[in-house]
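Engineer: Could you have a look at this structure, given as structure tokens, before my questions?
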Amino acid sequence: MGESGTGARNSLSIRDNRNGKEYELDILDGEVVRAMDLRQIRLDPDDFGMMAYDPAYTNTASTRSRITDIDGGRGILRYRGFPIEQLADRSSFLEVAYLILKGELPTEDELAGFTHEVTFHTYTHENILKLLDGFRYDAHTMGMMISSVAALSTFYPEAKQVHDPENRWIQIVRLVAKMPTLAAFCYRHHRGLPYVYPENQLAYSANFLNMLFRIGVTEYEPNPVLERALDILFILHADHEQNCSTTAMRVIGSSQTDPYSSLAGAMAALYGPLHGGANEAVLRMLTEIGSLENIPEFMESVKRGERRLMGFGHRVYKAYDPRASIIKQTAHEVFQVTGKNPLLDIALELEKIALNEDYFVARNLYPNVDFYSGLIYQAMGFPVEMFPVLFAVPRTVGWLAQWQEMLEDREQKIARPRQVYEGSGERDYVSMDARG
Ligand code: CMC
């Protein structure tokens, strides 16, 4: 048993009041106990032993990680130790991607090398376009994205060698490189526009904007404010530790599935309105509210528990989401170029009310990353169906870093939670004529 600085034992004593037996559990990392240490607590040697019951993993650490650190109480987010505010202010998305994937900020040469690698892998096999052509004209872009990422696994069967670090790195580069291409292709299909191929002399975000918005053969020059805004949004979305989709990525990857199939699963987890689909849900909500005079009735329905204020609340943040503050500032810069999104006033009013009303204050409900991002995307010309896709493109970096960390972690195994079975006990089969 270790000792703390005060000489007290670094352990937790548990007394089982059913039989008076006492147990001593090690405390790790300040305030963690191993769930497996509970297993020794049993009445009878034949018993299974005690388990922790934690639906939705609200209080269970599933891993040790060195990637992203969140202090939800103080509204702090850091990638590899660097505050998100500094990264959003001073770095590029590819620089942050390198940091998240490799653990350190790149030198000039390392960044040039990584940029070259990513640029070199932006093209996809032409058959991906045939796959996309099979979708209906009004198919949701996220459905197309998930399918095309899963399809990539069939083009790179060697990606199954998940324990080969060199092989892993090639797949990581391919995915970071191809996600904007796939996203742009899905958008062009959705809009009925011809596909635009990557132009590798352009920077990551500029290339993405070019593939999305270029019409005809004229050279496309992205507006530098919009290009930088997209880069900032990508930086802010790059990772967020063990959320629903990252956990999906780790769980799927733990059975040694290839990274394309695992990432398709992570994207499916992201798609839901409580996670990365919230940005789309916010825009639909603001549109439905429509004008300032409808806000009081809308807020009453939220307080009656009939619906949620989308873009508010977070499992981890119990203070203002630091990403939301940066996005709000970025929104003002974007609107100077695009003109103000008319829904901004509704959003600002909702925030003002929510920050002052008991219902929201008592529950620590603050704007999260999704509250203002959709307003920017819409002002830039994206349809709402693209919003979750715009979340998935940068989050690919985080998913891959977390997947890699999981594979290199010797404590990890195939993920497999337990259950508390509450169904009927053993009973005999009843033939059809004797039922009912
Ligand atoms: N509007 C109204 N009430 C809310 C909201 C909301 N957006 N979020 C939580 N609550 C209430 C909830 O009803 C509950 O109240 P009570 O204690 O009276 O039952 C209390 O706050 C705690 O909520 P919870 O559902 O137990 O909290 P959670 O940690 O399980 O859920 C959340 C977190 C993000 C799913 C939730 O806050 C939510 O549904 N927010 C809206 C969707 C959203 O914006 N999602 C994006 C999250 S940030 C991007 C990302 O990383 O995914």
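With our numbering applied, the sequence shown covers 392 to 827.
Every residue, glycine too, gets a C-beta built ideally from N, C-alpha and C.
Quick caveat, the model's predicted, so the values are computed rather than measured.
Within a Cβ cutoff of 6 Å, which residues of the same chain sit near Ile643, ignoring the five residues on either side of it in sequence?
Structural biologist: The residues are Ser653, Gly656.
Engineer: Please state whether DSSP places Pro808 in a helix, a strand or coil.
Structural biologist: Pro808 falls in the coil class under three-state DSSP.
Engineer: When you compare the CB positions of Ser636 and Gly667, do they come within less than 8 Å of one another, or not?
Structural biologist: Their beta carbons are under 8 Å apart, which means Ser636 touches Gly667 by this criterion.
Engineer: Distance, Cα to Cα, Ala829 vs Tyr651?
Structural biologist: No statement about residue 829 is possible, as the shown extent of the chain runs from 392 to 827 and does not include it.
Engineer: Where does Lys569 sit, in a helix, a strand or coil, going by DSSP?
Structural biologist: In the structure shown, Lys569 sits in a helix (DSSP, three-state: H, G or I).
Engineer: In chain order, what are the residues with a CB under 6 Å from some non-hydrogen atom of the ligand CMC?
Structural biologist: Having a Cβ closer than 6 Å to some heavy atom of the ligand CMC are His631, Asn634, Leu665, His666, Gly667, Ala669, Val693, Arg699, Leu700, Met701, Gly702, Phe703, Gly704, His705, Arg706, Arg754, Leu756, Asn759, Val760, Asp761.
Engineer: In the DSSP assignment, what residue or residues form a beta bridge with Thr718?
Structural biologist: According to the sequence shown, residue 718 is Ile rather than Thr. Answer is none; Ile718 lacks a bridge partner.
Engineer: Going by C-alpha to C-alpha distance, which of Tyr820, Thr451, Arg675, Val821 sits closest to Asn634?
Structural biologist: The candidate whose alpha carbon is nearest that of Asn634 is Thr451.
Engineer: Once you ignore the five residues that flank Val777 on each side, which residues in its own chain have a CB closer than 6 Å to its CB?
Structural biologist: A small fix is needed here, since residue 777 is Met in this sequence, not Val. Excluding residues within five positions, the ones whose Cβ falls inside 6 Å are Thr532, Tyr578.
Engineer: Counting pairs of beta carbons, one from the stretch 789-800 and one from the stretch 698-711, are three or more of them closer than 8 Å?
Structural biologist: No: the two stretches stay apart, fewer than three of their Cβ pairs being nearer than 8 Å.
Engineer: Mind listing, in chain order, the continuous beta strand (DSSP E) runs of no fewer than 3 residues lying wholly within the stretch 392-424?
Structural biologist: Runs found: 402-407, 412-417.
Engineer: Applying the criterion that 16 or more other CB atoms from any shown protein chain within 10 Å of the CB defines a buried residue, is Leu665 buried or exposed?
Structural biologist: Exposed, since its Cβ has fewer than 16 Cβ neighbours within 10 Å.
Engineer: Is the beta carbon of Phe625 closer than 8 Å to that of Ser646?
Structural biologist: No, Cβ-Cβ distance for Ser646 and Phe625 is not below 8 Å.
Engineer: Run through the DSSP bridge pairs and tell me what Asp649 is partnered with.
Structural biologist: Looking at the DSSP assignment, Asp649 forms no beta bridge with any residue, so it has no partner.
Engineer: Below 8 Å between beta carbons: does that hold for Phe526 and Met535?
Structural biologist: A contact, by the Cβ cut-off of 8 Å.
Engineer: Between His631 and Gly440, what straight-line distance do the alpha-carbon atoms span, to the nearest angstrom?
Structural biologist: Taking the straight line joining both Cα atoms gives about 34 Å.
Engineer: Put Pro474 into one of helix, strand or coil per three-state DSSP.
Structural biologist: It is a strand residue.
Engineer: Report yes or no: do the stretch 708-724 and the stretch 744-762 share at least 3 C-beta pairs separated by less than 8 Å?
Structural biologist: Verdict: yes, contact present.
Engineer: In this structure, does DSSP put Asp761 in helix, strand or coil?
Structural biologist: Asp761 falls in the helix class under three-state DSSP.
Engineer: Could you tell me which residues DSSP pairs with Ile461 in its beta bridges?
Structural biologist: Ile461 pairs with Leu468.
Engineer: Short check: CB of Tyr708 to CB of Gly504, under 8 Å?
Structural biologist: Cβ distance not < 8 Å, so Tyr708 and Gly504 don't count as in contact.
Engineer: If you compare alpha carbons, which of Ala783, Leu739, Asn732 is closest to Ala770?
Structural biologist: Per the Cα distances, Asn732.
Engineer: Can you have a look at Leu434 and say buried or exposed, based on whether 16 or more other CB atoms are within 10 angstroms of its CB?
Structural biologist: Leu434 should be labelled exposed.
Engineer: So within the stretch 653-698, which uninterrupted alpha helix (DSSP H) runs reach at least 4 residues, ignoring any that extend past its ends?
Structural biologist: Complete alpha helix (DSSP H) runs here, min 4: 669-680, 686-694.
Engineer: Sorted by chain position, which residues of the same chain lie with C-beta nearer than 6 Å to Asp460's C-beta, five sequence neighbours on each side aside?
Structural biologist: Same-chain partners within the cutoff: Arg469.
Engineer: Which of the three DSSP states, helix, strand or coil, is assigned to Phe526?
Structural biologist: Reduced to three states, the DSSP call for Phe526 is coil.
Engineer: Any idea if Pro446 is buried or exposed, counting beta-carbon neighbours within 10 angstroms, 16 or more meaning buried?
Structural biologist: Answer is exposed; the Cβ neighbour count stays below 16.
Engineer: Gln810: which of His516, Met442, Ser682, Ala722 sits nearest, CA to CA?
Structural biologist: Checking every option, the nearest Cα to that of Gln810 belongs to Met442.
Engineer: May I ask you to list the residues that DSSP assigns as paired with Phe703?
Structural biologist: Answer is Pro758.
Engineer: Could you check what DSSP says for Cys774 in three-state terms: helix, strand or coil?
Structural biologist: In the sequence as presented, Cys is not what sits at residue 774; that position holds Pro. DSSP places Pro774 in coil when its eight states are reduced to three.
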